Amino acid sequence: AQSVAQPEDQVNVAEGNPLTVKCTYSVSGNPYLFWYVQYPNRGLQFLLKYITGDNLVKGSYGFEAEFNKSQTSFHLKKPSALVSDSALYFCAVRVFTGGGNKLTFGTGTQLKVEL
Amino acid sequence: DAGVIQSPRHEVTEMGQEVTLRCKPISGHNSLFWYRQTMMRGLELLIYFNNNVPIDDSGMPEDRFSAKMPNASFSTLKIQPSEPRDSAVYFCASSFGQLLNYGYTFGSGTRLTVV
């Protein structure tokens, strides 16, 4: 089955430290990969995507993600975390089903950045 | 652009009542997706439309759920009769193009509570 996995329910980081939120994928063909962030009582917001090109993708709010084809991973990173980065992060992959494309989301990783 | 607009933001209803959730996608977007989010099940795709036509409704949990998209600027998700286990946050998302090169834009969601 085509899917993404986020192995960590929660990640805790001290402010100023680098952060990594993990994502692995399983798809047939070339993957379209996305990261979204959800703040409390809000909808999901687009952070960045990988479709083709450079394996290191830069996105909003200083986030970046590295596409690794051999490890089938697309980890989200930020060099220096902020308390305001605390939120729920979702990895997603495009899958083709039933005559159309849709995004399949991971289970989400709660990021907590502490002072 | 005002983004994807969902109404109401909050809905509290009694078991057995009919509930209608509304979504206005971004103008020019031709794909629309309805998701449900709960703590237990995460983000679940209920149904999606391309060019106002339902493509995949395999995620609709029961016959009590129905969705329509009468035109490019409006969609509804109806639950009749509602049950307490339908309590969740329901998100609508839209996208431009069926390849999903740009991912989705999500609305702010409707928090449904069935008592």
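So the protein lines, in turn, are chains A and B. So the first sequence is residues 25 to 139, counted in my numbering. So the second sequence is residues 10 to 124, counted in my numbering. Glycine is no exception: its CB is placed at the ideal position from the N, C-alpha and C atoms. No experiment lies behind these values; they were computed from the predicted model shown.
| Query | Result |
| --- | --- |
| B:P79 in three-state terms, based on DSSP | strand |
| Residue(s) in a DSSP beta bridge with A:N36 | A:K136 |
| Where B:M49 falls, given that 16 or more other Cβ within 10 Å makes a residue buried | exposed |
| A:T44 and A:K101 closer than 9 Å at C-beta | yes |
| Supposed contact pair A:L72 and A:V81 - C-beta distance, whole angstroms, cut 8 Å | 5 Å |
| Cut-off 6 Å between Cβ atoms - residues of its own chain near B:F58, not counting five sequence neighbours on either side | L41 and M78 |
| Beta carbon proximity, A:L135 to chain B, threshold 9 Å | no |
| Contact set between the segment 46-69 of chain A and chain B, restricted to residues whose Cβ is under 9 Å from the partner | Y56, F58, Y60, Q62, N65, R66, G67, L68 and Q69 |
| Three-state class that DSSP yields for A:D109 in the structure shown | helix |
| Cβ-based contacts, 8 Å cut-off: residues of the segment 45-61 of chain B near chain A | G51, L52, L54, Y57 and N59 |
| Within chain A, the residues that B:G118 reaches when beta carbons sit closer than 7 Å | G67 |
| Assigned exposure category for A:A105 - 16 Cβ within 10 Å defines buried | buried |
| Between the CA atoms of B:P17 and B:N61 - distance to the nearest angstrom | 22 Å |
| B:F115 versus A:S94 - alpha carbon distance | 31 Å |
| Alpha-carbon to alpha-carbon, A:K136 and A:N36 | 5 Å |
| Straight-line Cα distance separating B:H19 from B:T85 | 15 Å |
| B:R45 classed as buried or exposed, judged by whether at least 16 other C-beta atoms fall within 10 angstroms | buried |
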